[in-house]
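Asker: Using the numbering used here, the first residue of the sequence shown is number 1174, and each one after it goes up by one. Ideal Cβ placement from N, Cα and C applies to all residues, glycine included. None of the values given here were measured: they were computed from a predicted structure. The structure is given below, and queries will be raised subsequently.
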Amino acid sequence: MVGDGHRAAGTPLRAAQDEAGVPPGVWKGRGLAAVGLTAGDVVTERQAELLLGEGRHPDADRIERELLAQGESPARARRATVLGRPIEHNKSPETEKAKERTPWLGMDLVFRAPSTAHIVWALTDDETRLVLELCDDIARDKTLAWLEESVAEIRSKAGGKQRAWVKDGLIVAVFRHYESRATESRPLLHSHAVVSIRARRPHDGKWGNLSADSMLAHIVAADCLYTLLFMEEVSARLGWAWEPREVTPGRRPVMEIAGIDQRLIGWQSTRRQQIEDALPVLTVKYEERQGHAPGERASYALACQAADQTRPPKRTELLSLTELRTRWRTSAIRAFGACTVYRLAERARAAAAAVWARVRPVVDVVLAAVDTVAVVYVMRGAFARHHLLAEARRHLAYALRGRPHQPGLDERIVQAAIDGYTRPVGRGRRMTADLRALYPGDTLDQAVLRPLTRSCTATQYERARLAADALAARVRAARRAERLGSRPRPHAVAVPASRLRPRPFRAGQQDGRLLEPEAGVDAVEQTRQTLEAAAAELAATLQDSRRAREAAHRLRPQPAPAAIAPSHTQQPGAQHTPGRTTGGVA
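Right under this line is the structure:
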C-alpha cells in the first residue's frame, strides 16, 4: 500500500503514501455495492485489514457496534460481519488436518505496460504522462470487467465441486506503483489489483470463495487482452504505432512503441540484465545434473530461480514521483544525450506514419483462425479454449499494431478455429488440431508440416511460426485455384474488422466451415478431392488453349507455363502472417 518503501510505526497510511510518492489505492469491481462501497473510493487501512486480512465486511466495526448495542453477544456480533467461512475455522481443533492451513483471502494481479511505455511515461512531459496513465486505467478496468463477467466462478457444495457465476462481481483494491525493484531505481508503471476471493453465490446470495483455478487458467488470456487494449488506447490518443521486438532469439516477440531508441530499453531493464547474467551458471549446473539441455518448462523454472537469487532488497529511500522523474531524466541524458530524450514523442510520431503506411486495419478471420490453431498446436499439442483465446488476441495485436478492433472479434476467431480446425481429445474439455481439416493428406503438405512438430533444431515457437506460414500459404493457394477455376469473384480477402459478420456456410454434408461472406471466396474449406479436380481442370484448360494457339499460328511448341502471371496470382490485400518481427499486413 506504500509501494516498495517502509512505513514507520505510528505513521498514518496517507502520510506514508504521500511521502513514498505513490497514490492511494482505490476500489474497483461490480461487487462493491454488496458491501456498501463505490468504485473509485479510497482504500483505507482498516478496510484492507478487515476484507483482505480477515475476510470480514469492510465496515465491520460499525456493524459490530450496532449489534452489540442491540444486545447481541460478542461472538454473534463478530460472526455477523464475516463474509463466508471464518478464517478461524481453518485453525480450530475440530477441523481435519487438511484444513489446518493459512487462509487465502486474495490474489494479486499485476498489470504492467510494455517497456517502451515505461520509458516514454518517465522521460516525456506531464501531459503525455497523464495520457499514458489514463490508457493504463482504461485497459486495466476493461480487463477486470472481462474477468468478472466471463471468467470468475464461485464454488459451492462439498469440496467446491459445483461452480457458478458470481452474483454481483468482484471486489478489487487497485494500487499503482511507479518504479522497479532494481538497485538503481528505474521506471516501471504498473498496478497491483488485489482481488478478494469473497463473492456472493447467484442462487442464494450467500458469501463463498472464488474458484482459483478458473482465474489462474485465464491469466495469460487476460494479459493479452490488457496489452491489446492498452495498445489501442495509446494509438487512439497519441497517434503512435506498435511493432514487434524479439527479446530472446527464437522466442515469441513482444510489442513495443515504434520509433523508441532500443538503447533506452536496456537502460530501463536493469533487472532483466541481472537475471540474464545469473542464468548461464544455473543452466550449466542443470546440464551437469540432468545430462541434457533444459527444455521450455525447465528454462522457465531456471529463470524464476535466477530472479529470486538476484532480487535486491527493497529501497528504504522514499522519493516522490516528481523527484523520481527528475532523476530518471538526468540519468538518461547522461547516458544517451539530451536529443535522444527530448525527441522521444517526435520520433514516435514519425515512426507511426511509416507503420500505418504499410499496415492495413483489416483482419482475415479464416487466416487468423488457421494461424491461431497452428501456433497453439505446435506449442502445446492438446489445448483448451483459453489457450486459443490468448493466441487470437496476440494475433490481433500483431496484425493491427494498435488499430482498434471490433468488440468480440477475438471470440469469433476462436469460434471459427474450434468449429473448423479442431477436434476433441480425452474426456475433458481439451482439444487438438484437426490435421485433416488443416491440410489434405497428400505427400507435399505432410513433407512440409510433419517435420515441424518433431524437429529439435529450431525452438518451439519457430516451429509454430513455420507451421502457421505453411498453412496460410496453402489457404491462399486454394483460394487462387478456386478463383481461377470458376467465375470471377471479388478479390478482397482481408476483411475490415468493422464489417466482420461470420455466418455458417455448408460446402457439403461432411465439410461445413465458418466462412466470411465479405471475403467472396468459399474455396478455403474445399475437400482434397475438390481441389485436385479443380487443379486438373485448370491444367487441361491451359493445355487446350496452348494447343489451339499453336495450331492457329503454326508456332513452334513451347514448354508449358511454369507460373501464372503475377497480375493473376498476387492477391490484393493479402496478409503476411503476423507474429514475426516483420509481420503484419502487407
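Quick one: residues in its chain with C-beta nearer than 7 Å to the C-beta of residue 1279, no 5 flanking neighbours on either side, listed in chain order?
Answerer: The residue labelled residue 1279 in the question sits at position 106 within the sequence shown. Cβ within range, chain order: 1225, 1367, 1368, 1369 and 1370.
Asker: By how many angstroms is the C-alpha of residue 1475 removed from the C-alpha of residue 1450?
Answerer: The sequence position of residue 1450 within the sequence shown is 277, counting from 1. The sequence position of residue 1475 within the sequence shown is 302, counting from 1. Taking the straight line joining both Cα atoms gives about 12 Å.
Asker: Could you tell me the alpha carbon to alpha carbon distance between residue 1388 and residue 1523, rounded to whole angstroms?
Answerer: Numbered from its first residue, the sequence shown carries residue 1388 at position 215. Numbered from its first residue, the sequence shown carries residue 1523 at position 350. The straight-line gap from Cα to Cα measures roughly 40 Å.
Asker: Just list the alpha helix (DSSP H) runs in the stretch 1532-1585, keeping only unbroken ones of 4 residues or longer that don't cross its boundaries, in chain order.
Answerer: Runs of the alpha helix (DSSP H) inside the stretch 1532-1585: 1538-1553 and 1558-1573.
Asker: Would you list the residues sitting across from residue 1381 in a DSSP beta bridge?
Answerer: By 1-based counting over the sequence shown, the position of residue 1381 is 208. 1372, per the DSSP bridge assignment.
Asker: On the DSSP letters alone, give me the boundaries of the beta strand (DSSP E) that residue 1416 sits inside.
Answerer: Residue 1416 sits at position 243 when you count from the first residue of the sequence shown. Counting along the chain, the beta strand (DSSP E) containing residue 1416 begins and ends at 1415-1418.
Asker: Could you spell out the range, first to last residue, of the alpha helix (DSSP H) harbouring residue 1277?
Answerer: The residue given as residue 1277 occupies position 104 in the sequence shown. Looking at the DSSP string, residue 1277 is not in any alpha helix (DSSP H), and its letter there is neither H nor E.
Asker: DSSP beta-bridge partners for residue 1429?
Answerer: In the sequence shown, the residue the question calls residue 1429 occupies position 256. DSSP output for residue 1429 lists 1416 as bridge partner(s).
Asker: Output the distance between the C-alpha atoms of residue 1184 and residue 1351, rounded to the nearest integer angstrom.
Answerer: One-based indexing of the sequence shown puts residue 1184 at position 11. One-based indexing of the sequence shown puts residue 1351 at position 178. Roughly 21 Å between the two C-alpha positions.
Asker: Using three-state DSSP, classify residue 1255 as helix, strand or coil.
Answerer: Here residue 1255 refers to the residue found at position 82 when the sequence shown is read from its first residue. Note: residue 1255 maps to strand in three-state DSSP.
Asker: Suppose contacts are defined by Cβ-Cβ distances below 8 Å. Is residue 1555 in contact with residue 1514 by that definition?
Answerer: Residue numbering aside, residue 1555 sits at position 382 when the sequence shown is read from its first letter. Residue numbering aside, residue 1514 sits at position 341 when the sequence shown is read from its first letter. Against a cut-off of 8 Å, the Cβ pair of residue 1514 and residue 1555 comes out as no contact.
Asker: Let me know the secondary structure DSSP gives residue 1315 once reduced to three states.
Answerer: Counted from its first residue, the sequence shown places residue 1315 at position 142. It is helical.
Asker: If you draw a straight line from the alpha carbon of residue 1483 to that of residue 1248, how long is it in whole angstroms?
Answerer: For the purposes of this step, residue 1483 is identified with residue 310 of the sequence shown, where counting begins at 1. For the purposes of this step, residue 1248 is identified with residue 75 of the sequence shown, where counting begins at 1. Roughly 47 Å separates the two Cα atoms.
Asker: Are the beta-carbon atoms belonging to residue 1423 and residue 1635 less than 8 Å from one another?
Answerer: Here residue 1423 is taken as the residue at index 250 of the sequence shown, counted from 1. Here residue 1635 is taken as the residue at index 462 of the sequence shown, counted from 1. The answer is yes: Cβ separation under 8 Å.
Asker: Classify residue 1384: buried if its beta carbon has 16 or more other beta carbons within 10 angstroms, exposed otherwise.
Answerer: As a first step, residue 1384 is located in the sequence shown; it is residue number 211 there, counting from the start. So residue 1384 counts as buried.
Asker: With DSSP as the reference, label residue 1229 as helix, strand or coil.
Answerer: By 1-based counting over the sequence shown, the position of residue 1229 is 56. Of the three classes helix, strand and coil, the one that applies to residue 1229 here is strand, per DSSP.
Asker: Out of 1559, 1587, 1206 and 1194, point me to the one whose CA is closest to residue 1386's CA.
Answerer: Sequence index remark: in the sequence shown, residue 1386 carries index 213 (1-based). That would be 1559, whose Cα lies nearest to the Cα of residue 1386.
Asker: Roughly how many angstroms separate the alpha carbons of residue 1420 and residue 1380, rounded to a whole number?
Answerer: For the purposes of this step, residue 1420 is identified with residue 247 of the sequence shown, where counting begins at 1. For the purposes of this step, residue 1380 is identified with residue 207 of the sequence shown, where counting begins at 1. One C-alpha to the other measures close to 44 Å.
Asker: One question on the structure: do residue 1253 and residue 1341 come within less than 8 Å of each other, judged by their Cβ atoms?
Answerer: In the sequence shown, residue 1253 corresponds to position 80, counting from 1. In the sequence shown, residue 1341 corresponds to position 168, counting from 1. Result no, Cβ atoms of residue 1253 and residue 1341 do not sit closer than 8 Å.
Asker: Return yes when the Cβ of residue 1240 is within less than 8 Å of the Cβ of residue 1250, no when it is not.
Answerer: As a position in the sequence shown, residue 1250 is number 77, starting the count at 1. As a position in the sequence shown, residue 1240 is number 67, starting the count at 1. A contact, by the Cβ cut-off of 8 Å.
Asker: Among residues of its own chain, excluding the 5 on either side of residue 1236, which ones have a beta-carbon nearer than 7 Å to its beta-carbon?
Answerer: Here residue 1236 corresponds to residue number 63 of the sequence shown, with the count starting at 1. The residues are 1230, 1253 and 1254.
Asker: Between the C-alpha atoms of residue 1400 and residue 1568, what's the straight-line distance to the nearest angstrom?
Answerer: On the sequence shown, position 227 is the one that residue 1400 refers to. On the sequence shown, position 395 is the one that residue 1568 refers to. Their Cα atoms are separated by approximately 12 Å.
Asker: Since residue 1214 and residue 1199 are thought to touch, with beta carbons under 8 Å apart, how far apart are those beta carbons, to the nearest angstrom?
Answerer: To locate residue 1214, count along the sequence shown from 1; it is residue 41. To locate residue 1199, count along the sequence shown from 1; it is residue 26. Between residue 1199 and residue 1214 the Cβ distance is about 7 Å, and since that is below 8 Å, they are a contact.
Asker: For residue 1509 and residue 1353, what's the separation of their Cα atoms in angstroms?
Answerer: Stepping through the sequence shown from its first residue, residue 1509 is reached at position 336. Stepping through the sequence shown from its first residue, residue 1353 is reached at position 180. Answer to the nearest angstrom: the Cα atoms are 21 Å apart.
Asker: In angstroms with no decimal places, state the Cα-to-Cα distance between residue 1492 and residue 1345.
Answerer: Residue numbering aside, residue 1492 sits at position 319 when the sequence shown is read from its first letter. Residue numbering aside, residue 1345 sits at position 172 when the sequence shown is read from its first letter. The straight-line gap from Cα to Cα measures roughly 27 Å.
Asker: Please give the ranges of any alpha helix (DSSP H) in the stretch 1490-1530, keeping only runs that are unbroken, at least 4 residues long and fully inside the region.
Answerer: The stretch 1490-1530 contains these whole alpha helix (DSSP H) runs: 1494-1509 and 1511-1515.
Asker: If you draw a straight line from the alpha carbon of residue 1402 to that of residue 1581, how long is it in whole angstroms?
Answerer: Residue numbering aside, residue 1402 sits at position 229 when the sequence shown is read from its first letter. Residue numbering aside, residue 1581 sits at position 408 when the sequence shown is read from its first letter. Those two C-alpha atoms are separated by around 13 Å.
Asker: Tell me which residues share the same chain as residue 1404 and place their Cβ nearer than 7 Å to its Cβ, disregarding the 5 neighbours each side in the sequence.
Answerer: Mapped onto the sequence shown, residue 1404 falls at position 231. For residue 1404, where only same-chain residues beyond five positions count, the Cβ hits under 7 Å are 1415, 1428, 1570 and 1575.
Asker: Which residues in the same chain have their Cβ closer than 6 Å to the Cβ of residue 1480, if we skip the five residues on either side of it in sequence?
Answerer: If you number the sequence shown from 1, residue 1480 lands on position 307. The answer, listed in chain order, is 1448.
Asker: Measure the CB-CB distance between residue 1466 and residue 1362 and report whether it falls below 8 Å.
Answerer: To locate residue 1466, count along the sequence shown from 1; it is residue 293. To locate residue 1362, count along the sequence shown from 1; it is residue 189. Contact: no.
Asker: Let me confirm a value: residue 1435 is counted as buried when at least 16 other C-beta atoms fall within 10 Å, else exposed. Which label applies?
Answerer: Translated into the one-based positions of the sequence shown, residue 1435 becomes position 262. Counting Cβ neighbours within 10 Å, residue 1435 comes out exposed, since fewer than 16 surround it.
Asker: Roughly how many angstroms separate the alpha carbons of residue 1180 and residue 1187, rounded to a whole number?
Answerer: Counting from 1 along the sequence shown, the entry for residue 1180 is found at position 7. Counting from 1 along the sequence shown, the entry for residue 1187 is found at position 14. Between residue 1180 and residue 1187, the C-alpha separation is close to 11 Å.
Asker: With distances taken between CB atoms, is the gap from residue 1542 to residue 1601 smaller than 8 Å?
Answerer: Here residue 1542 corresponds to residue number 369 of the sequence shown, with the count starting at 1. Here residue 1601 corresponds to residue number 428 of the sequence shown, with the count starting at 1. It is not a contact, given that the beta carbons lie outside the stated cut-off.
Asker: How far does the beta strand (DSSP E) with residue 1598 in it extend, from its first residue to its last?
Answerer: One-based indexing of the sequence shown puts residue 1598 at position 425. From DSSP, residue 1598 is part of no beta strand (DSSP E); its letter is neither H nor E.
Asker: I believe residue 1374 touches residue 1329 by the beta-carbon criterion, under 8 Å. Please report the beta-carbon distance rounded to the nearest angstrom.
Answerer: Here residue 1374 corresponds to residue number 201 of the sequence shown, with the count starting at 1. Here residue 1329 corresponds to residue number 156 of the sequence shown, with the count starting at 1. Indeed they touch by this definition, with Cβ atoms about 6 Å apart.
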